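Counting from 11, one number per residue, gives the positions in the sequence shown under my numbering.
Ideal Cβ positions, reconstructed from N, Cα and C, are used throughout, including at glycine.
Here the structure is a predicted model, which is why all the values come from computation and not from measurement.
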Amino acid sequence: MAKYVYDFTEGNRNLKDLLGGKGANLAEMTNLGLPVPPGFTITTEACRHYLSAGSVPDGLDREVAGHLAALESRMGRKLGQADDPLLVSVRSGAKFSMPGMMETVLNIGLNDESVHGLAKQAGGNDRFAWDSYRRLIQMFGKTVLGIDGDLFEDALDALKGRRPDTGLDAGELQRLVETYKGIVREQTGREFPTDPREQMRLAVMAVFDSWNAPRAILYRRQERIPADLGTAVNIMAMVFGNYGDDSGTGVAFTRDPGSGRQGIYGDYLQNAQGEDVVAGIRNTIPLEDLERIDPPSYDQLVSIMETLENHYRDLCDIEFTIERGTLWMLQTRVGKRTAAAAFRIATQLVDQGLITMDEAVTRVTGDQLAQLMFPRFDHGAEKKKIARGMNASPGAAVGKVVFSSERAVELAGRGEDVILVRRETNPDDLAGMIAARGILTSRGGKTSHAAVVARGMGKTCVCGAEELEVLTAERRFSAPGGVVVSEGDVISIDGTTGEVFLGEVPVVDSAVVEYFEGAEPDDELVKAVDRVMRHADGARRLGVRANADTPEDAARARRFGAQGIGLCRTEHMFLGERRRLVEELVLATTDEERQVALDALEPLQKADFVGIFQAMNGHPVTIRLIDPPLHEFLPDLVDLSVKAATHEATGKDRRLLAAVKRLHEQNPMLGLRGVRLGLVIPGLFAMQVRAIAQAAAEVPGARPEIMIPLVAAVQELESVREEAVQILAEEGVAALIGTMIEVPRAALTAAQIAEAAEFFSFGTNDLTQMVWGFSRDDVESAFFSRYLDLGIFGVSPFETLDREGVGRLIEIAVAEGRSARPDLHLGICGEHGGDPDSVHFCHEAGLDYVSCSPFRIPVARLEAGRAALSRTDSDTR
Numbered sequence: 011m012a013k014y015v016y017d018f019t020e021g022n023r024n025l026k027d028l029l030g031g032k033g034a035n036l037a038e039m040t041n042l043g044l045p046v047p048p049g050f051t052i053t054t055e056a057c058r059h060y061l062s063a064g065s066v067p068d069g070l071d072r073e074v075a076g077h078l079a080a081l082e083s084r085m086g087r088k089l090g091q092a093d094d095p096l097l098v099s100v101r102s103g104a105k106f107s108m109p110g111m112m113e114t115v116l117n118i119g120l121n122d123e124s125v126h127g128l129a130k131q132a133g134g135n136d137r138f139a140w141d142s143y144r145r146l147i148q149m150f151g152k153t154v155l156g157i158d159g160d161l162f163e164d165a166l167d168a169l170k171g172r173r174p175d176t177g178l179d180a181g182e183l184q185r186l187v188e189t190y191k192g193i194v195r196e197q198t199g200r201e202f203p204t205d206p207r208e209q210m211r212l213a214v215m216a217v218f219d220s221w222n223a224p225r226a227i228l229y230r231r232q233e234r235i236p237a238d239l240g241t242a243v244n245i246m247a248m249v250f251g252n253y254g255d256d257s258g259t260g261v262a263f264t265r266d267p268g269s270g271r272q273g274i275y276g277d278y279l280q281n282a283q284g285e286d287v288v289a290g291i292r293n294t295i296p297l298e299d300l301e302r303i304d305p306p307s308y309d310q311l312v313s314i315m316e317t318l319e320n321h322y323r324d325l326c327d328i329e330f331t332i333e334r335g336t337l338w339m340l341q342t343r344v345g346k347r348t349a350a351a352a353f354r355i356a357t358q359l360v361d362q363g364l365i366t367m368d369e370a371v372t373r374v375t376g377d378q379l380a381q382l383m384f385p386r387f388d389h390g391a392e393k394k395k396i397a398r399g400m401n402a403s404p405g406a407a408v409g410k411v412v413f414s415s416e417r418a419v420e421l422a423g424r425g426e427d428v429i430l431v432r433r434e435t436n437p438d439d440l441a442g443m444i445a446a447r448g449i450l451t452s453r454g455g456k457t458s459h460a461a462v463v464a465r466g467m468g469k470t471c472v473c474g475a476e477e478l479e480v481l482t483a484e485r486r487f488s489a490p491g492g493v494v495v496s497e498g499d500v501i502s503i504d505g506t507t508g509e510v511f512l513g514e515v516p517v518v519d520s521a522v523v524e525y526f527e528g529a530e531p532d533d534e535l536v537k538a539v540d541r542v543m544r545h546a547d548g549a550r551r552l553g554v555r556a557n558a559d560t561p562e563d564a565a566r567a568r569r570f571g572a573q574g575i576g577l578c579r580t581e582h583m584f585l586g587e588r589r590r591l592v593e594e595l596v597l598a599t600t601d602e603e604r605q606v607a608l609d610a611l612e613p614l615q616k617a618d619f620v621g622i623f624q625a626m627n628g629h630p631v632t633i634r635l636i637d638p639p640l641h642e643f644l645p646d647l648v649d650l651s652v653k654a655a656t657h658e659a660t661g662k663d664r665r666l667l668a669a670v671k672r673l674h675e676q677n678p679m680l681g682l683r684g685v686r687l688g689l690v691i692p693g694l695f696a697m698q699v700r701a702i703a704q705a706a707a708e709v710p711g712a713r714p715e716i717m718i719p720l721v722a723a724v725q726e727l728e729s730v731r732e733e734a735v736q737i738l739a740e741e742g743v744a745a746l747i748g749t750m751i752e753v754p755r756a757a758l759t760a761a762q763i764a765e766a767a768e769f770f771s772f773g774t775n776d777l778t779q780m781v782w783g784f785s786r787d788d789v790e791s792a793f794f795s796r797y798l799d800l801g802i803f804g805v806s807p808f809e810t811l812d813r814e815g816v817g818r819l820i821e822i823a824v825a826e827g828r829s830a831r832p833d834l835h836l837g838i839c840g841e842h843g844g845d846p847d848s849v850h851f852c853h854e855a856g857l858d859y860v861s862c863s864p865f866r867i868p869v870a871r872l873e874a875g876r877a878a879l880s881r882t883d884s885d886t887r
């Protein structure tokens with residue numbers, strides 16, 4: 011019979027799939043003998059059953075009742091017992107951390123009778139008891155009953171005025187409880203449930219339901235977390251940080267998750283419960299201050315932090331509560347961190363002997379490396395600082411100020427850069443946080459919701475800028491010195507320093523980009539990147555090449571570590587002023603006209619290839635013969651038709667219109683292009699092959715590879731290959747001849763095509779279009795967002811390679827191609843060549859190299875190394 015509930019003493023950190031990250035780690039800390047309040051975990055299997063069947067699995071209620079009875083026996087109290095109540099918390103906990111995205115309810119078990127028993131437990135502390143009761147109704151009303159949380163907040167604000175919530179006395183809190191119960195009655199048509207077991211049961215269902223809440227779905231999509239995992243539910247005996255100034259709650263990191271600096275890092279809030287810290291409703295104090303407030307608890311916490319970091323061999327994120335001088339551990343997990351911190355921490359742990367360099371490479375990601383390559387503010391530029399907050403998540407962000415998530419999404423959808431400004435963010439702001447370039451809050455600390463989520467997304471964030479008065483309803487904020495910033499005004503925020511500037515501050519290349527451009531590593535971060543990259547390069551099997559069409563692009567690609575060019579697109583050489591020559595070639599009606607155009611094109615092609623061969627300095631250069639969709643090179647049909655209908659039209663205009671009509675295509679991407687154009691226009695491919703050969707002959711060590719595009723049948727390739735081989739022989743130059751696999755038929759007939767091809771390069775942009783049957787240019791804005799919302803796509807198939815469809819065709823082509831030609835060289839040159847997940851697929855599929863844009867080369871190098879070294883799944887995220 012299935013087991014759906016586990017006591018904290020039964021699990022361990024390896025059971026994340028079953029117990030979720032929070033439950034597995036609570037069990038691990040319990041097993042380590044750390045002070046964890048007793049409790050139990052309802053598994054993710056129970057959640058998945060509930061979400062699919064609409065009801066809890068058979069036996070779950072019985073198991074929960076049994077574990078609750080054991081908890082009551084251990085604590086010597088019963089849930090909600092009137093004179094001596096046991097209270098519990100109900101918390102979500104998925105396999106992967108999703109901070110603030112799902113529900114939590116504290117203080118379950120309180121009602122009009124047990125609130126007096128709680129006060130008695132607290133030595134007659136009525137204020138504490140009524141504070142806990144109002145918190146229960148507020149959290150339960152919002153998360154379980156679906157009541158607008160602002161109704162509770164407005165009632166609280168009206169009562170306390172300018173006082174902090176800790177300034178309310180017992181009588182005021184008792185009146186607030188009655189107000190809150192009235193809100194529940196008015197909004198739901200029912201009384202607040204007073205049966206403790208009903209409270210717990212409804213809270214568990216709310217946690218299950220929150221797995222599919224819009225913000226949770228959006229966060230999973232952003233972080234690429236699978237949608238079918240479900241969440242566990244953790245039920246734990248309550249410990250209280252809101253007893254008074256001898257109690258409190260905090261969040262601690264074993265290292266600074268923003269910079270990677272070693273030392274004590276975190277936030278603490280006296281006389282508060284855990285949600286107060288992450289919600290940012292009161293500004294916290296630095297964790298170091300706890301040493302002065304409560305030295306014994308501080309010393310014990312520091313010792314536990316060291317134990318956990320050594321045990322997990324990584325940065326740990328810890329939530330704790332101090333209840334009247336007693337320290338309790340409520341959660342630990344491998345902490346989210348910024349990109350800079352990830353690289354620094356990985357190499358620090360190597361130096362401490364906790365991990366190997368192999369492990370260090372797997373602890374960082376290509377996405378994090380890309381973040382480090384973003385520009386930073388020019389320190390020498392003139393700027394007007396208007397405030398300073400906490401440097402919660404580094405980076406340089408410039409944009410128009412907006413004060414709501416909806417407005418951020420709206421303006422970002424128009425292509426505008428925005429900075430989301432809030433007093434504090436909450437999980438409902440996630441869409442706006444994703445859309446914004448940066449986030450600025452006037453409240454909250456470095457472990458607030460805004461800071462944690464921004465760090466996880468690599469988004470620039472400044473928190474707790476207390477100098478700012480944010481007036482959300484009026485869509486403006488004020489800063490010292492009479493500065494008023496309204497919605498639409500531009501500001502700049504520096505997540506590295508916490509500074510806020512009025513107007514736009516210029517940006518410059520990051521130090522990491524300067525390193526890849528050839529600068530010596532001269533600071534701790536760049537040295538850490540250098541160490542990781544060197545090890546990744548030594549470990550990877552995949553080569554990394556560049557998509558480059560000019561000598562300048564080729565030279566930069568080499569500086570970034572490219573081992574050759576995997577795609578040189580020759581049609582890109584004929585845009586701008588040269589476009590007319592291709593137009594004349596395509597529209598030529600006689601052999602003489604065609605030859606004139608070819609004679610004009612050949613020296614230009616040769617000069618381009620000479621420059622590229624020189625820039626690549628003996629590394630292979632894969633040159634794709636011309637593949638122009640004709641509509642990109644011919645005059646516009648509508649414009650010609652209008653002109654031909656006027657009295658000013660010449661005979662040439664009318665002849666041109668007739669030619670364009672003859673060549674006009676309804677779908678140029680599936681028309682006369684690639685190998686088809688080379689076969690229809692005699693001499694076109696021959697001219698290009700000759701230019702390649704002559705250029706190679708002029709550059710010592712040049713290694714050309716000639717790629718025939720859009721081949722669907724081996725006969726097409728054979729026709730072009732025969733002529734190319736003859737020209738190469740005449741010029742005395744050796745070159746590989748291969749094809750681009752971008753048509754599904756080519757992948758399915760790879761064994762035949764490999765008889766005539768020495769290499770395959772998978773053009774996954776076109777292959778994705780043809781496999782899915784849609785045009786990237788037309789459909790991304792039309793329906794992709796809806797497909798993402800419905801879960802049809804987890805991520806755009808143009809962003810990350812579709813393993814089940816496109817990937818399956820690649821695997822077929824790899825297997826069949828190498829069965830016919832064992833030494834067949836295989837690469838990929840679509841946009842997926844620089845996507846981290848796609849690089850891992852290429853490694854697994856047995857390709858020899860990936861090719862991507864120059865700026866993505868370091869990312870591909872790192873991910874190729876990670877693919878070779880990864881021994882586990884992405885549990886370390």
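- Per DSSP, the unbroken beta strand (DSSP E) holding C578 starts and ends at I575 to R579.
- R813 has its alpha-carbon roughly 42 Å from the corresponding atom of D388.
- In the structure shown, I751 adopts extended strand secondary structure according to DSSP, grouped into three states.
- According to the DSSP secondary-structure assignment, E329 is paired through a beta bridge with V261 and Q341.
- With fewer than 16 other beta carbons inside 10 angstroms of its own, K394 counts as exposed.
- DSSP, read as helix, strand or coil, puts N320 in helix.
- Measuring C-alpha to C-alpha distances from V753 to each of F769, P719, A766 and S785 identifies P719 as the nearest.
- Secondary structure of C57 (DSSP, three-state): helix.
- Put simply, of L28, G86 and Q624 the residue whose alpha carbon is nearest the alpha carbon of R713 is Q624.
- T774 sits in a helix when the DSSP states are folded into three classes.
- In its chain, beyond the 5 residues on either side, E123, S124, H126 and G127 have a beta carbon closer than 8 Å to the beta carbon of A92.
- With contacts defined by Cβ atoms closer than 8 Å, G827 and A722 do not form a contacting pair.
- The C-alpha of I838 is placed about 35 Å away from the C-alpha of K26.
- DSSP, read as helix, strand or coil, puts H835 in strand.
- With respect to D255, Q232 sits apart: the two C-beta atoms are not nearer than 8 Å.
- With a cut-off of 8 Å on Cβ pairs, the segment 406-418 is in contact with the segment 426-446, counting three or more such pairs.
- With a beta-carbon spacing of about 12 Å, R604 and L591 fall beyond the 8 Å limit used to define contacts.
- Sequence-distant partners of E113 (beyond 5 residues in either direction) whose C-beta falls short of 7 Å from its own C-beta, in its chain, are S102, T153, A216, V217 and S220.
- G553 is positioned such that its CB atom lies closer than 8 Å to that of Y859.
- Non-local beta-carbon contacts of V523 in its own chain, meaning distances under 7 Å to residues more than five positions away in sequence, involve M383 in chain order.
- In the structure shown, F769 falls within a strand segment according to DSSP collapsed to helix, strand and coil.
- Straight across, the Cα-Cα distance linking T294 with G474 is about 9 Å.
- Within a 10 Å sphere around the beta-carbon of P638 sit 16 or more other beta-carbons, which makes this residue buried.
- For the segment 501-553, the continuous beta strand (DSSP E) assignments of 3+ residues that do not extend past its boundaries occur at 509-512, in sequence order.
- Taken atom to atom, the span from the alpha-carbon of Q381 to that of L746 is near 37 Å.
- Scanning A483, T506 and K469 for the CA closest to the CA of S496 turns up A483.
- Put simply, the backbone Cα of L440 is about 35 Å away from that of N557.
- Partner residues in the beta bridge of S496, as assigned by DSSP, are R486.
- Less than 8 Å divides the Cβ of I501 from the Cβ of V510.
- Considering only L478, M780, I227 and Q362, the residue with the shortest C-alpha distance to F803 is I227.
- A straight line joining the alpha-carbon of Y190 with that of D438 spans about 22 Å.
- DSSP places E201 in the coil class of the three-state scheme, outside both helix and strand.
- For the segment 56-106, the continuous beta strand (DSSP E) assignments of 3+ residues that do not extend past its boundaries occur at 98-104, in sequence order.
- Contact annotation, V724 with E765: C-beta distance approximately 7 Å; criterion of less than 8 Å satisfied.
- Taking 8 Å as the cut-off, the beta carbon of G251 is found closer than this to the beta carbon of I332.
- Assignment of alpha helix (DSSP H) within the segment 442-474, counting only whole runs of 4 or more residues, yields 459-467 in chain order.
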